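Engineer: Okay, here's the structure, questions in a sec.
Number of protein chains: 2
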Amino acid sequence: MAPIVLEKLSSNKHHEGTLTKYKFRSVVLGGLDAQFNLFLPANAAQAKVPVLVYLAGLTCTEDNGAQKGGFMRDAAAEGIAILFPDTSPRGAGIEGEDVDWDFGSGAGFYLNATNPKWSKHYNMLSYVTQELPQVIEAAGIPIDFSRQSIFGHSMGGHGALTTYLSSLLAGTKQYRSCSAFSPICEPSAVPWGTKAFTGYLAGGVEEGKDRYDASVLVGRVKGAINVLVDYGTADNFLHQLHPEAFLRAARDAGHDEVQVRVRSQDGYDHSYYFISTFATDHIHFHANFLKA
Amino acid sequence: MAPIVLEKLSSNKHHEGTLTKYKFRSVVLGGLDAQFNLFLPANAAQAKVPVLVYLAGLTCTEDNGAQKGGFMRDAAAEGIAILFPDTSPRGAGIEGEDVDWDFGSGAGFYLNATNPKWSKHYNMLSYVTQELPQVIEAAGIPIDFSRQSIFGHSMGGHGALTTYLSSLLAGTKQYRSCSAFSPICEPSAVPWGTKAFTGYLAGGVEEGKDRYDASVLVGRVKGAINVLVDYGTADNFLHQLHPEAFLRAARDAGHDEVQVRVRSQDGYDHSYYFISTFATDHIHFHANFLKA
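Chains as they are written, first to last, in full-length UniProt numbering: chain A, 1 to 292; chain B, 1 to 292.
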């Protein structure tokens, strides 16, 4: 197999570090070109740095979090890299892929599809957790993937929570901490999630509930867990999110508010204006674990 | 004349304050609908707050600075409002208005057109300096326009500098301070500027050089002046900006580095990644004057 070539599409100096956009041909996504952004703080010139993975929400690309999240000021100060993957494969050419804004392109849901129609390309779970770290390490980029945490927004909050909880349940300890802004917390019970599970998974909503529902997974976790969730009380999509279901499941499983903290933020909505307001809190939350 | 009605298009809580998008029918822009964003910090609920006007660059709208500038965190902490106007009239229906990205729509250059083809609508100078403050005051929004400063990026940096310098020369003291990211400092000597002046002004480049060239205007200013300029050494548009011409003109006129500070930032480019890196510096620079 030919070695994977990382192509640099652009590079911008930012908070004394560098934000670089890369492209490569992804094996996991079925041979499609995939793009991501990577922020490296200035101290990466001296030694490998820890990394925080940001998963964006429906309709987004690798750019939204980088441009609007407000994460890099604190990440630069803390000496933490941030990795911004795209939200789905692009250009798979599957019938219906570009019809809906909440399914297909821009809506990969951070799972591995088992429905044969989608399973060649729609494997964002393996892409984020395995292929991206491998490709970045192989390219010699100075990131220490043994110090990794993950966060995200909305569909990406769902992705961050389920990826993190799955890694805890599998015992891999791939991520040290997880946080989310307005995450889809109980996808098997809401329209966005059931649509995704029904489409991508051969086992439909039942398979999704068992493997990709944060409110189910959190109930199975024993031992140490580090989760921070923020959502806004003026979020128009609260009926898609169900943060109270996640909180209840966490408490029922015995996780206290130090281990799983779910904060309701008065008057905030679903936008990046909300995210960037609490960006500092989330970066420092992760820095506690990444720099421990 | 019917009173002007400010229509609220959207509102997002942000850093404990509120970012609101408004629309109204602008008299100065020849009866066209105009949109702007306004950030009000939380303390505006108690008393009128000072305001910083942000002028965006070519192709931008009222959204770019609000979404990508990274200004509101520090503005909220300092208790300063930020006003984000659009960069040109929209939908004037003038032949050629939408042909080029650097002239017409999205490229109003913050001047008052004197070429009859454009002069009914392209009056962004009066729009920013007169109509917007009047409309906002008339609507009862708690801003104290006697404490006003102005900043901008690229074409908007040109707008901020020329608007500020003109107000000093006219003795109105409308703005307490001015700053700019990668401004077009000598428009009468570069392609973007000469194209705009030739098109919008009956007197062409000569009229532009006399009325709207920061490097000319700064040479006429006597007395107190408060200007901060940042530009990046990796800016692909440096040949359109000429910061060294502005700096030379300022020093020739006797303005020292406390009065007119021009900083070259190593390795930074023309993007919002550059702007947001130095956003904190600019907000605090203006806060010194707005809260004096």
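Positions of the beta carbon are idealized from the N, C-alpha and C atoms, including for glycine. Quick caveat, the model's predicted, so the values are computed rather than measured.
Quick check on DSSP: helix, strand or coil for glutamate 16(A)?
Structural biologist: In the structure shown, glutamate 16(A) sits in coil (DSSP, three-state: anything other than H, G, I, E or B).
Engineer: Using the rule of at least 16 other Cβ atoms within 10 Å of the residue's Cβ for burial, across every protein chain shown, is tryptophan 192(A) buried or exposed?
Structural biologist: It is buried - the Cβ of tryptophan 192(A) has at least 16 other Cβ atoms within 10 Å.
Engineer: For leucine 83(A), tell me which candidate among Ala113(A), Pro142(A), Leu111(A) has the shortest Cα-Cα distance.
Structural biologist: Considering only alpha carbons, the answer is Pro142(A).
Engineer: What does cysteine 178(A) pair with, by DSSP beta-bridge criteria?
Structural biologist: Partner(s): Ile150(A), Val227(A).
Engineer: Along the region 14–26 of chain A, what residues have a CB closer than 8 Å to any CB found in chain B?
Structural biologist: Answer set for the region 14–26 of chain A: His14, His15, Glu16, Leu19.
Engineer: Quick check for students: name the residue ranges of the alpha helix (DSSP H) that lie wholly in the region 29–111 of chain A, counting only runs of 4 or more.
Structural biologist: You should have 64–68, 72–78.
Engineer: Roughly how many angstroms separate the alpha carbons of glutamine 261(B) and leucine 169(B), rounded to a whole number?
Structural biologist: For the sequence presented, residue 261(B) should be read as arginine rather than glutamine. Going from the Cα of arginine 261(B) to the Cα of leucine 169(B) covers about 19 Å.
Engineer: Using CA atoms only, rank isn't needed, just tell me which of Phe278(B), Pro50(B), Ser105(B), Ala113(B) is closest to threonine 87(B).
Structural biologist: Looking at the Cα atoms, Ser105(B) is the closest of the given residues.
Engineer: Closer than 8 Å by beta-carbon distance: list the chain A residues that pair up with residue 303(B), in chain order.
Structural biologist: What is shown of chain B runs 1 to 292, which leaves residue 303(B) out entirely.
Engineer: Could you tell me the boundaries of the beta strand (DSSP E) in which arginine 220(B) lies?
Structural biologist: First-last for arginine 220(B): undefined, no H or E at that position.
Engineer: Along chain B, in chain order, which residues have C-beta atoms closer than 8 Å to that of lysine 68(A)?
Structural biologist: The answer, in chain order, is Gln67, Lys68.
Engineer: Alpha carbon to alpha carbon, how far is valine 27(B) from threonine 20(B)?
Structural biologist: C-alpha separation (whole angstroms): 21 Å.
Engineer: Enumerate in chain order the residues of its own chain whose CB-to-CB distance from arginine 147(B) is below 6 Å, with the five nearest sequence positions on each side excluded.
Structural biologist: Answer for arginine 147(B): Pro50, Leu290, listed in chain order.
Engineer: Can you give me the C-alpha to C-alpha distance between alanine 81(A) and arginine 90(B), rounded to a whole angstrom?
Structural biologist: If you take the alpha carbons of alanine 81(A) and arginine 90(B), they lie about 40 Å apart.
Engineer: Would you call tryptophan 118(B) buried or exposed, if buried means 16 or more other Cβ atoms sit within 10 Å of its Cβ?
Structural biologist: Buried: at least 16 other Cβ atoms inside 10 Å.
Engineer: Pull out every residue of the region 259–291 of chain A whose Cβ sits closer than 9 Å to any Cβ of chain B, in chain order.
Structural biologist: Residues Gln265, Asp266, Gly267, Tyr268, Asp269, Ser271, Tyr272, Tyr273, Phe274, Ser276, Thr277, Ala279, Thr280.
Engineer: Tell me whether the beta-carbon of alanine 189(A) lies closer than 8 Å to the beta-carbon of leucine 6(A).
Structural biologist: For alanine 189(A) and leucine 6(A), no; Cβs fall outside 8 Å.
Engineer: Taking the CB atoms as reference points, tell me whether cysteine 185(A) and serine 149(A) lie closer together than 8 Å.
Structural biologist: No, the pair does not count as a contact, with Cβ atoms beyond the cut-off.
Engineer: Relative to the alpha-carbon of histidine 284(B), which residue among Asn64(B), Ala77(B), Ala44(B) has its alpha-carbon at the smallest distance?
Structural biologist: Nearest option by C-alpha distance: Ala77(B).
Engineer: Tell me whether phenylalanine 145(A) sits in a helix, a strand or coil according to DSSP, three-state version.
Structural biologist: Correct three-state label for phenylalanine 145(A): strand.
Engineer: Which class does tyrosine 22(A) belong to by DSSP, given the choice of helix, strand or coil?
Structural biologist: In this structure, tyrosine 22(A) counts as strand in the three-state DSSP scheme.
Engineer: Thinking proline 18(B) and leucine 32(B) are a contact (beta carbons under 8 Å), I'd like their distance in whole angstroms, please.
Structural biologist: The question names proline, yet the displayed sequence has threonine at residue 18(B). Going by Cβ atoms, the distance from threonine 18(B) to leucine 32(B) rounds to 26 Å, so no, they are not a contact pair.
Engineer: Is histidine 286(A) buried or exposed, if buried means 16 or more other CB atoms sit within 10 Å of its CB?
Structural biologist: By the 10 Å Cβ count, histidine 286(A) comes out buried.
Engineer: Please say whether methionine 155(A) and leucine 58(A) have beta carbons closer to each other than 8 Å?
Structural biologist: Yes, Cβ-Cβ distance for leucine 58(A) and methionine 155(A) is below 8 Å.
Engineer: With DSSP as the reference, label glutamate 7(A) as helix, strand or coil.
Structural biologist: Residue state, collapsed to three classes: strand.
Engineer: If I'm right that glycine 232(A) touches glutamine 265(A) with Cβ under 8 Å, what's the distance once you round it to whole angstroms?
Structural biologist: Between glutamine 265(A) and glycine 232(A) the Cβ distance is about 5 Å, and since that is below 8 Å, they are a contact.
Engineer: Rounded to whole angstroms, how far is the Cβ of histidine 158(A) from the Cβ of alanine 214(A), which I believe are closer than 8 Å?
Structural biologist: Contact holds; Cβ gap of about 6 Å.
Engineer: Going by DSSP in three states, valine 260(B) sits in which element: helix, strand or coil?
Structural biologist: Valine 260(B) falls in the strand class under three-state DSSP.
Engineer: Pick helix, strand or coil for asparagine 288(A), following the three-state DSSP scheme.
Structural biologist: In the structure shown, asparagine 288(A) sits in a helix (DSSP, three-state: H, G or I).
Engineer: Across which residues does DSSP place glycine 232(B) in a beta bridge pair?
Structural biologist: Looking at the DSSP assignment, glycine 232(B) forms a beta bridge with Gln265(B).
Engineer: Relative to the C-alpha of tyrosine 212(A), which candidate in Phe181(A), Gly223(A), Asp269(A), Ser167(A) has its C-alpha closest?
Structural biologist: Nearest C-alpha to tyrosine 212(A): Ser167(A).
Engineer: My assumption, with CB atoms under 8 Å, is that valine 229(B) sits in contact with proline 183(B). Please give the rounded CB distance.
Structural biologist: At roughly 6 Å, the Cβ-Cβ gap stays under 8 Å, so valine 229(B) and proline 183(B) are in contact.
Engineer: Between tyrosine 200(A) and the rest of its own chain, which residues show a CB-CB distance below 7 Å, the 5 nearest in sequence each way excluded?
Structural biologist: Only Phe109, Leu111, Ala113, Asn115, Trp118, Tyr122 meet the Cβ criterion.
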